[in-house]
Amino acid sequence: MFSATEWTIIALSLRVSLVAIALTLPLAYALAWLLARRSFPGKLLLDAAIHLPLVVPPVVTGWLLLLTFGRNGVLGNWLETQLGITLMFRWTGAALAAAIMALPLMVRAMRLSIENVDRRLIHAARSLGASRFHAFRTITLPLSIPGILAGAVLGFARSIGEFGATITFVSNIPGETRTLPLAIYTGLQVPGSEMAVTRLALISVALSVGALLFSEVMMRKAGRDAHVL
Amino acid sequence: MFSATEWTIIALSLRVSLVAIALTLPLAYALAWLLARRSFPGKLLLDAAIHLPLVVPPVVTGWLLLLTFGRNGVLGNWLETQLGITLMFRWTGAALAAAIMALPLMVRAMRLSIENVDRRLIHAARSLGASRFHAFRTITLPLSIPGILAGAVLGFARSIGEFGATITFVSNIPGETRTLPLAIYTGLQVPGSEMAVTRLALISVALSVGALLFSEVMMRKAGRDAHVL
Amino acid sequence: SRAPSPDEGPLVLAASSMQEAMLDAAEQWHDSGHPKPVVAFAASSSLARQLLHGAPADLFISANQDWMDSVEPAGLLRAGSRANLVGNEIVLIAPKGQNQAINLSDSSSFTAALGDRGRLAMADPQAVPAGRYGKASLENLGLWPDLSDRIAPADNVRAALGLVESGETPLGIVYATDAAAASDRVTIIARFPETSHPPIRYPLAVLAGSAHSDAMDFRDFLLSPQGQAIFVKHGFSAGRAE
Amino acid sequence: MFFELNLTHQIGGRTLELNARSAALLTGLVGPSGIGKTSILHCLAGLSRPANGRISIGGKLLFDSSSGIDLPPEQRRAGVIFQDNRLFPHLRVQQNLTYGMKLTAPDERWITLQEMCSFLAIEHLLDRYPSTLSGGEARRVAIGRALLAAPHFLLMDEPLTSLDPARAEEILRLIERIRDELRLPILYVSHNPEEIDRLSGYVIRME
Amino acid sequence: MFFELNLTHQIGGRTLELNARSAALLTGLVGPSGIGKTSILHCLAGLSRPANGRISIGGKLLFDSSSGIDLPPEQRRAGVIFQDNRLFPHLRVQQNLTYGMKLTAPDERWITLQEMCSFLAIEHLLDRYPSTLSGGEARRVAIGRALLAAPHFLLMDEPLTSLDPARAEEILRLIERIRDELRLPILYVSHNPEEIDRLSGYVIRME
Ligand SMILES: Nc1ncnc2c1ncn2[C@@H]1O[C@H](COP(=O)(O)OP(=O)(O)OP(=O)(O)O)[C@@H](O)[C@H]1O
Ligand SMILES: Nc1ncnc2c1ncn2[C@@H]1O[C@H](COP(=O)(O)OP(=O)(O)OP(=O)(O)O)[C@@H](O)[C@H]1O
Ligand code: MOO
Ligand SMILES: [Mg+2]
Ligand SMILES: [Mg+2]
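Chains as they are written, first to last, in my numbering: chain E, 1 to 229; chain R, 230 to 458; chain S, 459 to 700; chain U, 701 to 907; chain L, 908 to 1114.
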């Protein structure tokens, strides 16, 4: 059904997106919670900063990643010499780019859900002996699952489709950083390769339809459709 | 403060994004409502279709727009001969591209909010004499304002940053389709133009921080912070 | 199509790598009393696809013959207007101040210059024209087998240039014109022999649908000695019919 | 007959059956917790649809499965006082009160906003949002909102909960006046035998 | 003294003041709707913070603005029966019931889940989500949830609303047993003078 090259591309895209989303979820949720529940100086600035990857053209984001995490970048240098982690030209760098592009979408969806959790329920939990954290874990967190799932799906879809920041930051190396969109782009540059491009585009679509289906099943399983909403 | 060229670019970007968001809002809300409140055959397909622009690389989206709305495309041909509307190489085409890229983000945020509107309130409204539509207009719609605003901000930010689909569909014509990201990209192609690029990137950022601020003010004004959530 | 207006020049679709030179040429044409042409830059592939879908434009300048060839059979070009505007060559560059001696016939001098981690930046050798020329040269010189997994394939040739400019890669392959545009940050350390790759030519043509009275005149200006001089100034070689 | 209620209704896997007629304008509806009183009120108001049966109130046929009649809630004009109030959280008290009133032709109204507010002693709450109301305040607003819509009949689900005895007494008197002066059919759910005894001409018992 | 309540509390621009002491284990709290009873309970449970004052219940100091003492709610161990139930919508009845119980050391518990369920007649509801409960069913679950957490004192905000007389009577007896056998301080809000008369050794009146 798929050629070996296609398999490599699919596997790489999945790895990049799943790692990106898995690592970003907790951070995104923490940011969403902060924005939904706390007020602090600089809140609007933080909010704006989270939205940046959405506004700034992806190529510029990639270029900033290059400046920061490249060999000569402050963080890149530190990561390389201190931790032995290289991001440039690596799939890990692609995951970082995907994560950053997905972050604003994830935060917004989660924030909406957290804002909708009734504080009176948290009061009830506290009066029953729950610490702040226990109440968060047993009330806020499960009640915001719709937002978490929505955020994860949006973020995953965005990661699977990420192109500009990735190619600028980690280049288009077959087997290492050539994810589905990069492979599609490569195809588009060659006259008459519409067939190959179409196959790859359909694969992208199938992956995210899969993610959607998965999230709907999770929703049902959590018994939410009927009860939370 | 800004050069004439910069003004042209800013004005064009604003026009493209505002038109895109204004035209997409009602459609996005209708889709969000359908997905939140109705079940029908093909719902998952519709849901998947809405997410497509997120997953498929923007360049491919642009190419599909070209196929559909180009002179030889079915819709493009019809629009041109029947209504005299040309999208190719026009800012209207850029607005269409921006709208399509923003749609999935808008729908998701709105959907989350609509799902959170308690149906018992709608029952109460109906018993007080409200038709289905009146109840929608006076209860569901205002109670989902947080989602509408979140969707509009996300969508606006995404439109302001849209690059790949735009350049593929309507090219990079100064004064007509060269929006901020395209101008930034053009600048990036020229060695030594970091200053100009940085200025443009900062303008993008300022525009969307503006949008964020505006949405926060709207939120406060609607008196929502305290009462709806 | 775009209504030809007296104060607006023809719409030119040009490959991104021609940016500085084309703007320069448009400026000079304007100075000689003509309405200023509007130039839109994008990847040749993108421009060709737009033309195939009916984009209303007056001139098309592609970075390679393939994409010009792809629009010609569709009857999109005005008969007899196609010509080679300029030529170019590809060069090996390094960040300014890092003058490794590279022997183009010895892959070990490359690997030495790259170190154990460094990569060779070039436009995507599979797709982007600049990369395809580069790959052809490397193959021709017998270097490809040793270097093929040391490549950093970039979006376009200018992105490859950027990787070298910022020092992220120690070596890169770009057009001579790119190297010229960034001469304060990169050094040319070798020129690939013209015989090692297919000839690099930028074809230009007036589009069949063009109604702009200046389109043909501007084409002729670009091909005239005065026009050619502008391109040569930017590092291109004069166009020659094949 | 003010109430002719014959219906079967599926709820959570259980089948609820009710066959009752009452010639009393104010009819009580009693039964142990969980028996289905609230569910019945919802069927009468048109908010849930019975599996089958026939519902006629005040001589008006609202639902008849055999002839396919099923008036939508807004045409039934039930004044429902919900057990859980259901105030609109995004509207101030004043807007909550006038929500149904505005949907009513002026000549059908039988009480003004001012009269209702002073009667329920909620004038000082008009600018508030529901989330800031006390239990009894919210209850009074819910009662006012339902009555201001000039309903054709009333469905009251334990209307006096959260009210102090003095207020409860006033509202009881209002209900009696509505019954006697406006002659609106009222179905009244309560767990308080005294209230039921005092008000209702007939009691439907669910068991 | 089981209750020593001296506090001023700001609510919606109004200042609420309460100075009361009661040596009765079961103390009633009465007053007209909107006077501030629910607000006071929230202060005692640690869910809102009084502007200043001193709160001691069952001999335990919970709040003292002069010495900066302010125990967080989970350390006060108030068993609150909220006027509006506040069941957790995402948890089944069983999980709602055991929410506080699980946070209590086993040797502190004085009733098992089974006993509580059969007493409140809610065994058949254990698998349900709160949104499917009737008014009285939800009330009983809320009562069960608060008691199963083995609280050190009880704050009951009109606990018998929505309950039919038979159930109400059973719960009244349970409350009396809790008072007499467990000797827990109970503050009991009700608008029903009979309930108050029957239960409370002392009544705090707010006016
Ligand atoms: N979705 C559901 N699934 C299962 N059972 C349900 C559902 N909705 C309601 N019920 C049950 O239907 C019964 C009738 O509920 P209803 O609210 O009509 O009772 P009620 O007579 O008003 O009781 P109360 O006096 O306590 O308010 C209850 O036992 C309730 O648990
Ligand atoms: N956020 C707020 N803004 C303004 N007023 C408020 C706010 N919250 C509560 N109040 C007012 O505080 C007063 C006390 O409310 P509380 O709920 O304590 O009354 P209560 O004695 O319990 O009444 P009930 O018997 O009706 O439940 C009420 O008049 C209420 O309207
Ligand atoms: O001008 Mo190119 O298309 O980057 O070789
Ligand atoms: Mg009920
Ligand atoms: Mg109260």
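We put the beta carbon where it would ideally sit given N, CA and C, even for glycine.
Contact under 7 angstroms by Cβ, residue i with residue j
i                  : j                   : result
Asn-468 of chain S : Phe-676 of chain S  : Before going further, note that residue 468 of chain S is Pro rather than Asn in the sequence given. The answer is yes: Cβ separation under 7 angstroms.
Ala-985 of chain L : Leu-1062 of chain L : yes
Thr-934 of chain L : Leu-1094 of chain L : yes
Ala-379 of chain R : Gly-291 of chain R  : no
Ala-521 of chain S : Tyr-660 of chain S  : yes
Pro-493 of chain S : Glu-530 of chain S  : no
Thr-627 of chain S : Ala-579 of chain S  : yes
Leu-716 of chain U : Gly-753 of chain U  : no
Ile-947 of chain L : Pro-1092 of chain L : no
Asn-116 of chain E : Asn-301 of chain R  : no
Val-793 of chain U : Leu-820 of chain U  : no
Ser-566 of chain S : Ser-654 of chain S  : no
Pro-859 of chain U : Ile-781 of chain U  : yes
Ala-201 of chain E : Val-434 of chain R  : no
Leu-510 of chain S : Leu-471 of chain S  : no
Ser-3 of chain E   : Leu-180 of chain E  : no
Leu-25 of chain E  : Leu-341 of chain R  : no
His-692 of chain S : Ala-498 of chain S  : no
Ile-389 of chain R : Ser-437 of chain R  : yes
Val-632 of chain S : Ile-551 of chain S  : yes
Pro-772 of chain U : Gly-800 of chain U  : no
Distance cut-off 6 angstroms: residue i Cβ against heavy atoms of ligand 2
i                  : result
Lys-43 of chain E  : no
Leu-847 of chain U : no
Residue i beta carbon near ligand 1 (any heavy atom closer than 6 angstroms)
i                   : result
Ser-972 of chain L  : no
Ser-356 of chain R  : no
Ser-748 of chain U  : no
Arg-1039 of chain L : First, the amino acid is wrong: residue 1039 of chain L is Thr here, not Arg. Correct: Thr-1039 of chain L has its Cβ closer than 6 angstroms to ligand 1.
Ile-711 of chain U  : yes
Gly-1051 of chain L : no
Ile-735 of chain U  : yes
Distance cut-off 6 angstroms: residue i Cβ against heavy atoms of ligand 6
i                  : result
Ile-962 of chain L : This structure lacks ligand 6; the ligands present are ligand 1, ligand 2, ligand 3, ligand 4 and ligand 5.
Self-check item: Segments of 4+ residues assigned as alpha helix (DSSP H) that fall wholly inside the segment 22 to 90 of chain E
Solution: 43 to 55, 58 to 69, 74 to 78
Quiz item: Mind pulling the beta strand (DSSP E) runs of 3 or more residues that sit fully within the segment 941 to 1002 of chain L?
Solution: 959 to 964, 967 to 971, 985 to 988
Quiz item: Is the segment 48 to 60 of chain E touching the segment 171 to 183 of chain E in the sense that three or more CB pairs, one from each, lie closer than 8 angstroms?
Solution: no
Self-check item: Beta carbon nearer than 7 angstroms to a non-hydrogen atom of ligand 4
Solution: U:Lys-737, U:Thr-738, U:Gln-783, U:Asp-857, U:Val-889, L:Ser-1041, L:Gly-1042, L:Gly-1043, L:Ser-1069
Exercise. May I ask you to verify whether the segment 381 to 395 of chain R touches the segment 434 to 446 of chain R, counting CB pairs closer than 8 angstroms and requiring at least 3?
Key: yes
Quiz item: Is the segment 540 to 557 of chain S touching the segment 681 to 690 of chain S in the sense that three or more CB pairs, one from each, lie closer than 8 angstroms?
Solution: yes
Exercise. Assess, as a yes-or-no matter, whether the segment 184 to 191 of chain E is touched by the segment 301 to 309 of chain R under the definition of 3 or more beta carbon pairs within less than 8 angstroms.
Key: no
Quiz item: Whole beta strand (DSSP E) runs in the segment 518 to 594 of chain S with 3 or more residues, listed along the chain?
Solution: 541 to 545, 548 to 553, 578 to 581
Practice problem: Please go through the segment 322 to 406 of chain R and give each complete alpha helix (DSSP H) segment of 4 or more residues, from N-terminal end onward. | Solution: 348 to 356, 361 to 364, 374 to 390, 393 to 399
Practice problem: Indicate whether the contact test is met: 3 or more Cβ pairs, each with one atom in the segment 191 to 198 of chain E and one in the segment 115 to 132 of chain E, closer than 8 angstroms. | Solution: no
Self-check item: Sequence ranges, alpha helix (DSSP H) only - wholly within the segment 476 to 513 of chain S, length at least 4
Solution: 477 to 489, 502 to 510
Exercise. Jot down the residue ranges of each uninterrupted alpha helix (DSSP H) in the segment 851 to 901 of chain U, minimum 4 residues, whole runs only, in chain order.
Key: 865 to 877, 893 to 899
Practice problem: Give a yes or no on contact between the segment 320 to 334 of chain R and the segment 244 to 251 of chain R, applying the rule of three or more CB pairs nearer than 8 angstroms. | Solution: yes
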